[in-house]
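Trainee: Let me begin by handing over the structure; questions about it come next.
There are 2 protein chains.
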Amino acid sequence: MSAAASPSPAGRETILAAAAELFAAKGFAGVSVREVAERAGVSKANVFHHFSSKDTLYLAVLRSAVTRFEALLDDYAGERDGFEVRLRGISRDHLQNILANEGVSRLIIREVLESDVHRGQELTERVLGDGFNRLVEVIREGRSRGELRGGVDPVLVASLMVAANVHFFQSRSVMRALSGVAYADDPESYSTQVMDILLNGIASR
Amino acid sequence: MSAAASPSPAGRETILAAAAELFAAKGFAGVSVREVAERAGVSKANVFHHFSSKDTLYLAVLRSAVTRFEALLDDYAGERDGFEVRLRGISRDHLQNILANEGVSRLIIREVLESDVHRGQELTERVLGDGFNRLVEVIREGRSRGELRGGVDPVLVASLMVAANVHFFQSRSVMRALSGVAYADDPESYSTQVMDILLNGIASR
DNA sequence: GTCTATAGATTGATAGAC
DNA sequence: GTCTATCAATCTATAGAC
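One line per chain: the protein sequences are A and B, in this order.
Per numbering that gives the first Met the number 0, residue 0 is the first one in the first sequence, and the count goes up by one each step.
Per numbering that gives the first Met the number 0, residue 0 is the first one in the second sequence, and the count goes up by one each step.
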């Protein structure tokens, strides 16, 4: 099974992988479609066959990170774990995902930070919305089983989980320099402590 | 009275204000020192008299946001309020501060996100460290009075407070497009709900 | 030194053959 | 699905006027 002759199936994925590396390293403006095509070993026109525009390709790269997150949620979809164990696992793996894909994570954060109203809507609809809503759903499910204190908004809880992990990622360089930040190089420990507080903060009774 | 003849006192502040506007609008690379001098109505040499380099001036602009935060902490330094009321007030005003100074807030976030180890240390020492440590101190004080659950790290709590507010600011454009985000345009309500969870999560017993 | 004009290269995107 | 050929628009860099 040499990879020499696989015409179509890998095509799109190859382009996506090449684009991810390049965009992560040089940003949207710093990369040309020709460059992506060359690295992927296809023609420029082929890139436009799979992705209707450079921006669509870019959003697809960002979306790939969310797809990884959704895959992670699937891993915890089973009935076997309790609410707390599930949320802890999701948060831990989410942070692990962010750290394992630094380049794309940074792209998403930059894009969100810099986006105006219109771009924000685009990012929500085409990149972030589904993943976030699925996380909210997990929490809503917990609420319907009486695991949550009354008055706690599942959307806000999901937002806090994301905020904590994004913050860990984006301020690591500063945290490391702060004295007394024990968890700066230990995402596992960080995630555990954050969820200790969060779960204790939202638990019923 | 008239502002016509105030040679030195306002000088530094005028330059700082001019630089803040320009950096916020065009970023570090997009602004020349000559430009700053012109807007401030002083000579370029005067700028270098007050700030030893363009980067020092830039860091001073970032630091001005932290100075505002420290002033805010002073407002809550009195003995009159309880621990919870104090933390709630600090968080609310902190978010208000971030939103009222969008440009500089964005600069800081960008700078932190993009910084490597060395720049992270610089940002910590010359911009962010003092403010953050003072927030940690407030929480430590609460702990020493038995307001915190055992095992809760004050540094992590401070980090979570910052994370929540930064996240609100930087993902507003996305939150607005998400269905069911009630607090997207209501920082007061957001802050209240976040602190509901956080305080409940860290409270003793 | 500063501005304007312009030549040349490169960009994102499309058309049409295979 | 993939290619070659080609489009108009934009960017880069330089030449020359002031």
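Note that CB positions come from ideal geometry on N, CA and C, so glycine has one too.
The structure displayed is predicted, hence computed values, not measured ones.
At a Cβ threshold of 9 Å, is residue 18 of chain A touching chain B?
Mentor: So, not an interface residue.
Trainee: Going along chain B, which residues have a C-beta under 8 Å from residue 82 of chain A?
Mentor: Per Cβ cutoff of 8 Å: no residues; residue 82 of chain A is ~16 Å from chain B at best.
Trainee: Quick one: using the 10 Å Cβ neighbour count with 16 as the cut-off for buried, is residue 8 of chain A buried or exposed?
Mentor: Confidence is the limiting factor: at residue 8 of chain A the pLDDT is only 47, short of 50, which leaves the residue's position unreliable, though a coordinate-based value still follows. Result: exposed.
Trainee: If you compare alpha carbons, which of A:104, A:88, A:22 is closest to residue 192 of chain A?
Mentor: With distances taken between Cα atoms, residue 192 of chain A lies closest to A:88.
Trainee: Note down the Cα distance separating residue 100 of chain B from residue 186 of chain A, rounded to an integer number of angstroms.
Mentor: In a straight line, the C-alpha of residue 100 of chain B is about 31 Å away from that of residue 186 of chain A.
Trainee: Just curious, the alpha helix (DSSP H) that residue 175 of chain A is in, first and last residue?
Mentor: First-last of the alpha helix (DSSP H) with residue 175 of chain A: 171-176.
Trainee: How big is the Cα-Cα spacing for residue 129 of chain B and residue 176 of chain A?
Mentor: So the two alpha carbons sit approximately 12 Å from each other.
Trainee: My understanding is that residue 46 of chain B touches residue 30 of chain B, with C-beta atoms under 8 Å, so please give their C-beta distance in whole angstroms.
Mentor: So it is not a contact: roughly 11 Å between Cβ atoms.
Trainee: Between residue 136 of chain B and residue 122 of chain B, is the Cβ-Cβ spacing less than 9 Å?
Mentor: No.
Trainee: For residue 94 of chain B, which of B:62, B:165, B:182 has the nearest alpha-carbon?
Mentor: Of B:62, B:165, B:182, the residue nearest in Cα terms is B:165.
Trainee: If distances are taken between C-alpha atoms only, which option among B:63, B:62, B:106 comes closest to residue 28 of chain B?
Mentor: Ranking B:63, B:62, B:106 by Cα distance to residue 28 of chain B puts B:106 first.
Trainee: List the residues of chain A whose Cβ lies closer than 8 Å to the Cβ of residue 97 of chain B, in chain order.
Mentor: Ordered by position in chain A, no residue passes the 8 Å Cβ test against residue 97 of chain B, which lies about 13 Å from the chain.
Trainee: Among A:75, A:170, A:104, which residue has its Cα nearest to the Cα of residue 90 of chain A?
Mentor: Checking every option, the nearest Cα to that of residue 90 of chain A belongs to A:75.
Trainee: Go ahead and pull the three-state DSSP assignment for residue 181 of chain B.
Mentor: Correct three-state label for residue 181 of chain B: coil.
Trainee: So who's on the other strand from residue 202 of chain A, going by DSSP bridges?
Mentor: The partner list for residue 202 of chain A (beta bridge, DSSP) reads A:147.
Trainee: Do residue 134 of chain B and residue 174 of chain B count as a contact pair if the criterion is CB distance below 9 Å?
Mentor: No, these two residues do not count as a Cβ contact at 9 Å.
Trainee: Leaving out the 5 sequence neighbours to the left and right, which residues in its chain are closer than 6 Å to residue 17 of chain B when beta-carbon positions are compared?
Mentor: Closer than 6 Å at Cβ, skipping near neighbours: 35, 38, 39.
Trainee: Could you check what DSSP says for residue 45 of chain A in three-state terms: helix, strand or coil?
Mentor: Here residue 45 of chain A sits in helix by DSSP.
Trainee: Counting only Cβ pairs nearer than 8 Å, list the residues of chain B close to residue 190 of chain A.
Mentor: By Cβ distance, chain B contributes nothing, its closest Cβ being about 11 Å from residue 190 of chain A, past 8 Å.
Trainee: Restricting to runs no shorter than 4 residues, where is the alpha helix (DSSP H) found entirely within the region 60-142 of chain B?
Mentor: Runs found: 82-99, 101-113, 116-122.
Trainee: When we look at the beta-carbon of residue 80 of chain A and count the other beta-carbons within 10 Å, is it buried (16 or more) or exposed?
Mentor: Flag for residue 80 of chain A reads exposed.
Trainee: Please name the residue, chosen from A:24, A:169, A:157, that lies closest to residue 132 of chain A on a Cα-to-Cα basis.
Mentor: Measuring from the Cα of residue 132 of chain A, the nearest candidate turns out to be A:157.
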